[in-house]
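What follows is one structure encoded as structure tokens, with my remarks underneath.
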Amino acid sequence: MTEPVDTLFVHAHLFTMEGNGVGYQPDGAVAVRGNRIVDAGSTAALAARYDPAERIDATNHALLPGLIDAHMHTPWAVVRGVAQDVAHWMQKGLAPYARHLHRDAALAGTWLALLEALKAGTTTLGDYATPIEGWADIFAAAGVRAVLTPTINALPPGGMAGWSVGDLYPLSDEVGERSIRDAVAFAAEWHGAADGRITVMYGPQGADMLTLEQLRHVKRLAASEGLMLHMHVAQGDREIDQMLKRYGKRTPAFLEQIGYLDEQLLAVHLTEATEDETVAIAYSGAHMVLCSGSIGIIDGIVPPAAEFRTAGGPVALGSDQAAGNNCHNIFNEMKLTALFNKIKFRDPTVMPAWEVLRMATIEGARAIGLGDEIGSIEAGKKADLILVDLSAPNLMPILAEPIRNIVPNLVYGATGREVALVMVDGRILVRGGQVAAIDEAAVRAEVQERAEEVAAAVKRDPVHLDMALLQPMRDGYL
37 MTEPVDTLFV HAHLFTMEGN GVGYQPDGAV AVRGNRIVDA GSTAALAARY DPAERIDATN
97 HALLPGLIDA HMHTPWAVVR GVAQDVAHWM QKGLAPYARH LHRDAALAGT WLALLEALKA
157 GTTTLGDYAT PIEGWADIFA AAGVRAVLTP TINALPPGGM AGWSVGDLYP LSDEVGERSI
217 RDAVAFAAEW HGAADGRITV MYGPQGADML TLEQLRHVKR LAASEGLMLH MHVAQGDREI
277 DQMLKRYGKR TPAFLEQIGY LDEQLLAVHL TEATEDETVA IAYSGAHMVL CSGSIGIIDG
337 IVPPAAEFRT AGGPVALGSD QAAGNNCHNI FNEMKLTALF NKIKFRDPTV MPAWEVLRMA
397 TIEGARAIGL GDEIGSIEAG KKADLILVDL SAPNLMPILA EPIRNIVPNL VYGATGREVA
457 LVMVDGRILV RGGQVAAIDE AAVRAEVQER AEEVAAAVKR DPVHLDMALL QPMRDGYL
């Protein structure tokens with residue numbers, strides 16, 4: 037007697053991520069009922085056990101857990117590529133655009149980033165943005181899983197535009213308190229929304245961007261509500277300089293002093309953390325997000341993720357922001373993470389393909405506090421799955437022995453365009469490159485219009501005259 041299920045994937049190269057490796061199963065199958073995985077194993081066993089409403093032949097495809105992008109700033113996709121190849125990228129590249137990123141432009145950027153990420157196999161998006169009206173609704177409407185972090189800071193209107201590098205930037209008690217109130221209201225409305233697909237973290241933007249009392253206030257709120265803190269930590273020499281001037285301490289020591297270093301903290305970047313600081317943060321129980329592409333481009337640094345993992349801390353991957361990183365593609369982040377760390381340590385065995393694939397799936401899920409629900413293909417977990425076409429020229433040939441080459445090819449050869457199907461919460465959102473719930477043409481048209489509006493406003497603003505890329509423009513390099 038067979039059991040009814042909604043979907044049965046058969047004949048896949050199955051990677052469950054169970055155990056300490058990738059959990060490979062040749063001729064694998066996965067059964068889905070509702071929004072949960074019912075079973076995973078061999079095609080022979082599952083085909084005999086289940087009667088599906090839809091059977092999907094995954095021959096010559098890898099079947100994987102959906103990818104996790106743990107740290108994004110999606111609104112900035114609307115000005116993709118405006119802040120690379122410069123020193124002080126935030127002040128001299130991005131800040132003038134921040135002054136003119138109006139609501140419609142920000143929402144257009146979120147739609148674009150989500151579309152890009154989803155088509156490349158990202159099923160969980162960890163977005164970090166100002167909680168404007170309509171932001172969370174985009175993730176709910178698209179059907180993806182989202183961990184949303186409303187930005188909390190005390191920077192006065194205008195942010196860092198016009199701020200002189202090296203000076204202390206001002207902090208506003210009023211702005212900070214309003215930012216905290218907005219985040220609390222957002223969490224009350226959206227944590228657990230969309231049938232549980234949307235969860236919320238609190239986002240003190242950085243230890244340098246809030247007053248001491250505000251930082252303590254946010255920590256108390258998060259502890260009382262059981263929410264994680266998603267925070268940029270030691271993200272650059274600018275932050276370290278601000279912290280030394282304000283408190284006489286580097287960021288990690290300051291966070292330890294005020295009680296931030298524990299399992300509640302999701303620490304992003306650690307760009308300027310020393311090895312000792314990195315190990316101390318990992319030992320505290322905190323988790324890390326590594327954004328290799330972004331930090332490589334905007335800082336020219338390889339953050340200490342290898343040291344963090346060696347100390348036992350879980351590391352997730354993030355794409356950060358397209359204004360500086362240019363893409364929201366976790367396949368790109370996996371490859372860059374492996375390559376950058378091999379180069380950093382001058383050791384080809386550092387960050388092997390299987391480790392970064394786990395960082396994009398099960399380890400990433402654990403880092404964002406969802407390891408019991410997603411990140412691996414196991415009975416009872418949410419049905420967030422992707423199929424990757426291994427017959428694409430850049431992923432061929434498919435070899436099983438003496439060395440199985442599928443995982444290295446996925447990490448070093450895939451671009452994301454090989455993703456043939458994306459399922460989130462048991463619903464197929466992408467099939468054959470077509471997205472079910474998003475009008476791609478409308479998104480592209482809206483993004484172009486809003487981006488041109490923002491660029492025109494920046495051009496009219498005298499503050500843009502201090503942007504570092506104006507000289508390469510005049511010299512004909514851009």
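My numbering numbers the first residue of the sequence shown as 37 and each following residue consecutively.
Note that the Cβ used here is the ideal one computed from N, Cα and C, for glycine as well.
These numbers were taken from a predicted model, which means no experiment stands behind them.
On the premise that leucine 306 lies in contact with valine 269, defined as a C-beta separation below 8 Å, what is that separation, rounded to the nearest angstrom?
Distance from valine 269 to leucine 306 at the Cβ level is roughly 6 Å; contact confirmed, criterion being Cβ atoms closer than 8 Å.
Grab the span of the beta strand (DSSP E) containing glutamine 61 for me, first residue to last.
60-69
What distance in whole Å lies between the Cβ atoms of glycine 407 and isoleucine 398, which are believed to be in contact at a cut-off of 8 Å?
7 Å
Please classify histidine 107 as buried or exposed, where buried requires at least 16 other C-beta atoms within 10 Å of its C-beta.
buried
Other residues of its chain near serine 320: CB distance less than 7 Å, five sequence neighbours each side excluded
Leu297, Asp298
Taking its Cβ as the centre, do 16 or more other Cβ atoms sit within 10 Å of phenylalanine 222, making it buried, or is it exposed?
buried
Leaving out five residues on either side along the sequence, give the residues of the same chain with a beta carbon under 7 Å from the beta carbon of tryptophan 112.
Gly145, Gln357, Ala358, Ala359
The beta strand (DSSP E) with proline 40 in it runs from where to where?
Unbroken beta strand (DSSP E) run through proline 40: 39-51.
Residues bridged to tyrosine 238 [DSSP beta-bridge criterion]
Looking at the DSSP output, tyrosine 238 bridges to Leu265.
Would isoleucine 234 and alanine 182 be called neighbours here (beta carbons separated by less than 8 Å)?
Less than 8 Å separates the beta-carbon of isoleucine 234 from that of alanine 182.
Kindly identify the DSSP beta-bridge partner or partners of serine 78.
Gly64
With DSSP run on the structure shown, which of helix, strand or coil describes tyrosine 133?
helix
Reference glycine 468, options Leu154, Met53, Gly64, Asp140, closest by Cα
Leu154
With DSSP as the reference, please indicate the residues paired to proline 186 in a beta bridge.
Ala165
Give every residue of the same chain whose Cβ lies closer than 7 Å to the Cβ of glycine 57, excluding the five residues on either side of it in the sequence, and list them in chain order.
In its chain, beyond the 5 residues on either side, Trp390 have a beta carbon closer than 7 Å to the beta carbon of glycine 57.
From the DSSP output, in three-state form, read off aspartate 383 for me.
coil
Between the C-alpha atoms of leucine 326 and alanine 309, what's the straight-line distance to the nearest angstrom?
13 Å
Cβ-based neighbour list, glutamate 54, same chain, cut-off 7 Å, excluding 5 preceding and 5 following
Ser412, Glu414
Throw me the rounded Cβ distance for the glycine 179 and arginine 463 pair, which I believe falls under 8 Å.
6 Å
Leaving out five residues on either side along the sequence, give the residues of the same chain with a beta carbon under 7 Å from the beta carbon of serine 208.
Non-local beta-carbon contacts of serine 208 in its own chain, meaning distances under 7 Å to residues more than five positions away in sequence, involve Ala190, Pro192 in chain order.
Leucine 44 and proline 101 - do their beta-carbons sit closer together than 8 Å?
One thing to note: proline 101 has its Cβ no nearer than 8 Å to the Cβ of leucine 44.
Taking the alpha carbon of glutamate 437 as the point to measure from, which residue in Pro62, Met37, Leu301 has its own alpha carbon closest?
For glutamate 437, the nearest C-alpha among the options comes from Pro62.
What are the complete beta strand (DSSP E) segments, minimum 3 residues, inside the stretch 381-435?
421-425
To the nearest angstrom, how far is it from the Cα of histidine 49 to the Cα of arginine 480?
34 Å
Which residue marks the beginning of the alpha helix (DSSP H) containing tyrosine 319, and which one marks its end?
311-319
Residue closest to threonine 38, alpha-carbon to alpha-carbon, out of Gly59, Ala84, Arg72, Gly70
Out of Gly59, Ala84, Arg72, Gly70, the CA that lies nearest to the CA of threonine 38 is found in Ala84.
Does DSSP classify methionine 503 as helix, strand or coil?
The answer is coil: DSSP assigns methionine 503 none of H, G, I, E or B.
Could you check which residue in Thr185, Arg486, Thr160 has the C-alpha nearest to that of tryptophan 171?
Thr185
Go ahead and label lysine 281 buried or exposed: buried means 16 or more other beta carbons lie within 10 angstroms of its beta carbon, across all protein chains shown.
exposed
Just checking my contact of leucine 150 with threonine 110 at CB under 8 Å: how many whole Å lie between their CB atoms?
That belief holds up - the Cβ atoms of leucine 150 and threonine 110 are roughly 6 Å apart, short of 8 Å.
Using only CA atoms, which one of Ser355, Thr346, Ala341 lies nearest to isoleucine 333?
Ser355
Put histidine 305 into one of helix, strand or coil per three-state DSSP.
strand
Where glutamate 369 falls, given that 16 or more other Cβ within 10 Å makes a residue buried
Counting C-beta atoms within 10 angstroms of its own C-beta, glutamate 369 has 16 or more neighbours from the protein chains shown and is therefore classed as buried.
Between Lys380, Lys371, Gln127, which has its C-alpha nearest leucine 393's C-alpha?
Lys371
Rounded to whole angstroms, what's the CA-CA distance from methionine 432 to valine 443? Just pull it up for me.
Taking the straight line from one Cα to the other gives about 12 Å.
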